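J.:
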Amino acid sequence: MRDILEKKYTPVDIATVNEMAVDDPVGLVVKSEGYYNLQVYRAATMIKERPAGKFVLPCGPSAAGKTTTAHKLKHRLVEQGVGARVISMDNFFLGIESYPKLPNGKPDMESVKALDLDLLNVCFEKLMKEGEASLPTFDFAAQK
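Every number in my numbering is 98 more than the matching position in the sequence shown, counting from 1.
Structural data, given as structure tokens:
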């Protein structure tokens, strides 16, 4: 396991990425996926070895791969004997009638104010204190 964690990848400049995208797009995808999966494996191993902490909170902009990474990380943790669950922030949306509005009047689902942060806090506090909590499920079709 240590050899995987210590495996080195050579940084690649954007010109090389662009060249690979043209000359060997499949190779670029394979190399990128390999590096990504190695990073997830390394993160899971570090989490397992860390004595404290119950929550791992991936962050980033919309469509950055947070949910995908959370599920891959859960899979790797379970493989390593660590119980893990994924809690999706998507399930804490308030609903379309409560979203803040963009300047053009459309609902802003990217705003943190589109989330029920009070309920999120209650759920996390309950998880920390009791080890379990009832979590909401957001229905995107009904927007509630």
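Note that the Cβ used here is the ideal one computed from N, Cα and C, for glycine as well. Fair warning: this is a prediction, and the values are worked out from it, not measured in the lab.
1. Inspect the beta-carbon positions of GLN178 and THR235 and report whether they are closer than 8 Å.
2. How many angstroms separate the CA atom of LYS152 from the CA atom of ILE185?
3. Below 8 Å on the Cβ atoms is my contact criterion, and I expect LYS211 with PRO198 to pass it. Report the Cβ-Cβ distance as a whole number of Å.
4. Taking the alpha-carbon of ALA182 as reference, which of VAL220, THR114, ASP121 and LEU225 has the nearest alpha-carbon?
5. Residues in its own chain within less than 7 Å of LEU213 by CB, not counting five upstream and five downstream?
6. Measuring alpha carbon to alpha carbon, tell me which of ALA161, GLU228, LEU171 and GLU131 ends up nearest MET244.
7. By DSSP, does PRO205 sit in helix, in strand, or in coil?
8. Tell me whether LYS170 is buried or exposed, calling it buried when 16 or more other Cβ atoms sit within 10 Å of its Cβ.
T.: In terms of the structure at hand:
1. no
2. Answer to the nearest angstrom: the Cα atoms are 13 Å apart.
3. 5 Å
4. LEU225
5. MET187, PHE190, PHE191 and LEU192
6. The structure shown has nothing for residue 244, since the chain only spans 99 to 242.
7. strand
8. Buried is the call here.
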